[in-house]
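For reference, the structure is listed below as structure tokens.
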Amino acid sequence: MADSIDKFEQRTAETPREVADRMLPEDPVYRELAEKVVFFKIKEIEGASEKALETKAPADAINLGLVAGMQIVAKLYAQRIYYLPEVIMASRTMTKGIAVAEARMPGGREARGTVIMHAVEGDPHDIGKNIAAVMMRAAGYKVVDLGKDVPATEAVAKAAEIRPLFMSGTALMTTTMDALPKEAAMMKEKGIDVPLMGCGSAVTREFANSYDLGIYSEKAPQTPPIADRLLEGWDWKRIRSEWNDIVKEAQRWRTDATRCRTERGSDVRST
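Quick note: to get this note's numbering, add 2 to the position in the sequence shown (first position is 1).
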């Protein structure tokens, strides 16, 4: 039986190229950037990024090319086609490309606000957090990334020090998700009135709404619109009550970005 299962898995397993071909952007410029990330062409990414910026805006190169590639890597990791070494190499490739794009953004990109991101205590998974952090930086926010397996005391202490727009905690395991209400309780006790965003596959909207300060982000592209609302003065209760509208806005952003991708053509955005 075990041999039969192994043979079945060998027949049905996809290659990285097959997964990538399904998910890569249609636009050839963004496609090239994404491919460099997926196949960790770290020696080629800077040149490819410079070339992309001849016809694309820096934020679009990041979101529609580099981040798109990392999302494919996340898919490959979830399907156990890629493992941690491949994820690390892809992440380094993406980071080098982002540095090139960010250097071309006007005014050195003064931060609109500061957020804290971390994977909660006991949780070693940070791919989704890293993708969300990239999107937040592309949207103009400063991200203080505490990393993974962060003790609750350390996360709360940093929130007390910085008083960010929000702090996000990622949990991909049901055994670690209880760190979120623990952090929220500690923050309340210390008078830190900062929204605590619950993220990761183990976290649901209902769970994030079950403790004070809790808000929810299901997918990385939803995070910048939530930050925008907090910057406008919304509190965590209003974020909860109007969450569906924020999600729709995030979807519109993706649709508009795709439309811009096709309409811009070869127009050069001077930076």
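All residues carry an ideal CB built from backbone N, CA and C; glycine is no exception. No experiment lies behind these values; they were computed from the predicted model shown.
Through-space distance from residue j to residue i, alpha-carbon basis
{"i": "D180", "j": "A159", "result": "18 Å"}
{"i": "M137", "j": "K150", "result": "18 Å"}
{"i": "T274", "j": "E208", "result": "For residue 274 there is no data in the structure shown, the boundaries of the chain being 3 and 273."}
{"i": "A113", "j": "R139", "result": "8 Å"}
{"i": "Y84", "j": "M96", "result": "16 Å"}
{"i": "L78", "j": "S203", "result": "16 Å"}
{"i": "T178", "j": "A157", "result": "14 Å"}
{"i": "I44", "j": "R19", "result": "18 Å"}
{"i": "V102", "j": "I64", "result": "10 Å"}
{"i": "A229", "j": "V145", "result": "12 Å"}
{"i": "A36", "j": "P30", "result": "10 Å"}
Supposed close pair residue i, residue j - CB separation, criterion 8 Å
{"i": "W236", "j": "L215", "result": "Their Cβ separation, rounded to whole angstroms, is 13 Å, which puts W236 and L215 out of contact at 8 Å."}
{"i": "M188", "j": "M169", "result": "Going by Cβ atoms, the distance from M188 to M169 rounds to 11 Å, so no, they are not a contact pair."}
{"i": "V196", "j": "P166", "result": "6 Å"}
{"i": "V69", "j": "I133", "result": "6 Å"}
{"i": "T225", "j": "I164", "result": "So it is not a contact: roughly 17 Å between Cβ atoms."}
{"i": "G174", "j": "H127", "result": "Per the sequence presented here, residue 174 reads as Leu, with Gly not at that position. Rounded, the Cβ-Cβ distance is 4 Å, consistent with contact."}
Buried versus exposed, by CB contacts within 10 Å (16 or more), residue i
{"i": "I90", "result": "exposed"}
{"i": "E51", "result": "According to the sequence shown, residue 51 is Ser rather than Glu. With 16 or more other Cβ atoms within 10 Å, it is buried."}
{"i": "S93", "result": "buried"}
{"i": "Y218", "result": "buried"}
{"i": "N246", "result": "exposed"}
{"i": "Q73", "result": "buried"}
{"i": "A22", "result": "buried"}
Limits of the unbroken alpha helix (DSSP H) element including residue i
{"i": "V205", "result": "First-last for V205: undefined, no H or E at that position."}
{"i": "S51", "result": "I47 to A54"}
Host beta strand (DSSP E) of residue i (start-end)
{"i": "I217", "result": "G216 to Y218"}
{"i": "V31", "result": "From DSSP, V31 is part of no beta strand (DSSP E) but of the alpha helix (DSSP H) over P30 to V40."}
{"i": "V146", "result": "K144 to D147"}
{"i": "S212", "result": "S212 -> no beta strand (DSSP E), and no H or E assigned at all."}
{"i": "G171", "result": "M169 to T172"}
Residue i in three-state terms, based on DSSP
{"i": "I118", "result": "strand"}
{"i": "T312", "result": "It is not possible to answer for residue 312, since the shown part of the chain is limited to 3 through 273."}
{"i": "T17", "result": "coil"}
{"i": "M138", "result": "helix"}
{"i": "V152", "result": "strand"}
{"i": "L26", "result": "coil"}
{"i": "M107", "result": "coil"}
{"i": "M199", "result": "strand"}
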